[in-house]
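What follows is one structure encoded as structure tokens, with my remarks underneath.
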Amino acid sequence: MTRFSAWSVFWNGLTNQMGWKPQWRTPELKADYDVVIVGGGLHGLATAYYLAKNHGISKIAVLEKGWLGGGNAGRNTTIVRSNYVMPGNREFYERSLKLWENLSFDLNYNVMFSQRGHVTLLHSPEAIDAAARRYNTMRLTGSDAEIWSLEELKRNIPHLNYAADARFPIFGAAVQRRAGTARHDAVVWGYARAADKRGVEIIQNCEVLGVTRENGHITRLETSRGNVGVKKVGFAVAGNTSLLWEMAGLGTLPIESHILQAFVTEPVKPLLDQVLVFGVGGANFYMSQSDKGGLVFGGDIDWYKSYAQRGNLPIVQDVAECALSIMPCLGRVRLLRHWGGVVDMSMDGSHFICKTPLDNLYLNAGWNYGGFKASPGSGWYFSDLIANDRPHSDIVNHDLKRFERGHTIDERGAGPDPKLHG
Ligand SMILES: Cc1cc2nc3c(=O)[nH]c(=O)nc-3n(C[C@H](O)[C@H](O)[C@H](O)COP(=O)(O)OP(=O)(O)OC[C@H]3O[C@@H](n4cnc5c(N)ncnc54)[C@H](O)[C@@H]3O)c2cc1C
Numbered sequence: 244m245t246r247f248s249a250w251s252v253f254w255n256g257l258t259n260q261m262g263w264k265p266q267w268r269t270p271e272l273k274a275d276y277d278v279v280i281v282g283g284g285l286h287g288l289a290t291a292y293y294l295a296k297n298h299g300i301s302k303i304a305v306l307e308k309g310w311l312g313g314g315n316a317g318r319n320t321t322i323v324r325s326n327y328v329m330p331g332n333r334e335f336y337e338r339s340l341k342l343w344e345n346l347s348f349d350l351n352y353n354v355m356f357s358q359r360g361h362v363t364l365l366h367s368p369e370a371i372d373a374a375a376r377r378y379n380t381m382r383l384t385g386s387d388a389e390i391w392s393l394e395e396l397k398r399n400i401p402h403l404n405y406a407a408d409a410r411f412p413i414f415g416a417a418v419q420r421r422a423g424t425a426r427h428d429a430v431v432w433g434y435a436r437a438a439d440k441r442g443v444e445i446i447q448n449c450e451v452l453g454v455t456r457e458n459g460h461i462t463r464l465e466t467s468r469g470n471v472g473v474k475k476v477g478f479a480v481a482g483n484t485s486l487l488w489e490m491a492g493l494g495t496l497p498i499e500s501h502i503l504q505a506f507v508t509e510p511v512k513p514l515l516d517q518v519l520v521f522g523v524g525g526a527n528f529y530m531s532q533s534d535k536g537g538l539v540f541g542g543d544i545d546w547y548k549s550y551a552q553r554g555n556l557p558i559v560q561d562v563a564e565c566a567l568s569i570m571p572c573l574g575r576v577r578l579l580r581h582w583g584g585v586v587d588m589s590m591d592g593s594h595f596i597c598k599t600p601l602d603n604l605y606l607n608a609g610w611n612y613g614g615f616k617a618s619p620g621s622g623w624y625f626s627d628l629i630a631n632d633r634p635h636s637d638i639v640n641h642d643l644k645r646f647e648r649g650h651t652i653d654e655r656g657a658g659p660d661p662k663l664h665g
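Mapping of the sequence shown onto my numbering: residues 244 to 665, in sequence order.
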């Protein structure tokens, strides 16, 4: 496989770009594997990569029912941050952010990680107090965090609605400078290429249709390309987790599948250097500017359960209203397109990386709005769990039994309502 370097770019420029090879192979499904990861999104690919790289496991397959990146991996608004406060979450997301910081180098693929800063607007003195508590905790536990005064915010982002009589007047902002964005499909391709290079077999158009169990152990998966024998299986299917769980005969999960939409406007000149977040009460809106100039917007989930990868009009209105209320100068900018993805909302807003009632099945799920930034960390911790058959100390509470124990990991203190875990 071609190694990307300044020299290879230069050489291919001289030779009519004829020297590039396919980025990964297209193997046939084998009769059996040591580890099969179901789901070729970012979490599945990252897990396979770290299983091969960190744990030396070589007979690994990733089974993907469609094409790589066709799920949420290629549909998200690409925000990366680690401003979490709950024990376990903060260690997990900080490790993930550190992996992001070295990812292009590690994968030898430019994932366009841009640490442009993540700015959460604060709309009351109480919101400043709450943010100070969260951001001080982040600093005390080894992350970076700042609170900006109104003057500092105005200097950095001059185009916001600073009117004192605005519906939600702005008082300041909570900022994480190391946070930012990355190009989502580059991350998919980078992980796929690097995993393939280490021997992982990536099988696209291969849907898992059935699970054969014997005495609490999965022996075989039935797929649209034939049956495959397995020693260990990892589910990393995001919005489809409940379907696979049912296939394995395990009943129901504390997860609901909801649609989350993203929006992009026509390109405009550079207007916003940071990721900007606006949230008051249950409302949730975020915005950044892509390298092409389009403003990328995200809002709330569609508030009804669905497996359809498309959105609806009320959220379009909701998101447009939020955009205009914080940045009125966008009034004449046109929305170009919007799309939807199926997110797996857990009942406390936190994820699951855990063992399951079956001794060789491992679960990676419950990513809510936030699994893109989690991808490197998720792959790192999930591969560690699969290889060593025990959870790392940072994720011991990220299991399914935490609800039975009364140990929920509720970042927002919002209770068991997926709508409120944005
Ligand atoms: C609109 C939107 C905006 C978002 N914005 C952000 C953001 O800004 N920041 C952030 O951190 N997170 C964000 N997220 C969340 C993030 O994208 C997801 O949490 C994350 O991508 C989920 O992990 P994944 O990449 O592995 O999922 P996916 O890419 O969905 O991968 C799961 C894969 O499993 C495959 N699959 C399902 N069933 C089967 C089967 N039976 N057999 C084989 N394969 C199967 C699917 O085809 C899919 O490719 C957003 C999500 C959406 C929808």
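Don't be surprised by glycine CBs; every beta carbon is placed ideally from N, CA and C.
In the DSSP secondary-structure assignment, residue 541 is bridged to 505 and 529.
Taking all protein chains in view, the Cβ of residue 310 is surrounded by fewer than 16 other Cβ atoms within 10 Å, so the residue is classified as exposed. Judged by DSSP secondary structure, residue 515 falls outside any alpha helix (DSSP H); it is assigned neither H nor E. Not one heavy atom of ligand 1 falls within 7 Å of the beta-carbon of residue 327. Listed as beta-bridge partners of residue 598 by DSSP are 605. Where residue 276 is concerned, the enclosing beta strand (DSSP E) starts and stops at 275-281. The alpha-carbon of residue 292 is positioned some 29 Å away from that of residue 541.
Ligand 1 has no heavy atom closer than 7 Å to the beta-carbon of residue 304. Going by DSSP, residue 361 is part of no alpha helix (DSSP H) but of the beta strand (DSSP E) stretching over 361-365. Residue 354 and residue 458 have their C-alpha atoms some 43 Å from each other.
At least one heavy atom of ligand 1 lies closer than 7 Å to the C-beta of residue 618. By the CB criterion at 8 Å, residue 481 and residue 315 fall inside the cutoff. Closest option to residue 608, judged by alpha-carbon separation, among 300, 287 and 320: 287.
Per the DSSP secondary-structure output, residue 558 pairs with nothing in a beta bridge. The Cβ neighbour count for residue 267, taken over all protein chains shown within 10 Å, is at least 16; the residue is labelled buried. With a contact defined as Cβ atoms closer than 8 Å, residue 438 and residue 445 qualify at about 7 Å.
Taking 8 Å as the cut-off, the beta carbon of residue 350 is found no closer than this to the beta carbon of residue 299. The beta carbon of residue 570 is closer than 7 Å to those of 402, 403 and 404 in its chain, skipping five residues each way along the sequence.
Nearest to residue 640 by alpha-carbon distance, out of 248, 330, 251 and 282, is 330.
Here residue 294 is buried: its Cβ has 16 or more other Cβ atoms, across all protein chains shown, within 10 Å. Pairing residue 624 with residue 544, the inter-Cα distance amounts to about 27 Å. Put simply, the stretch 273-290 touches the stretch 472-481. At least three CB pairs are less than 8 Å apart.
Contact fails between the stretch 373-392 and the stretch 488-497, because fewer than three Cβ pairs, one in each stretch, are under 8 Å apart.
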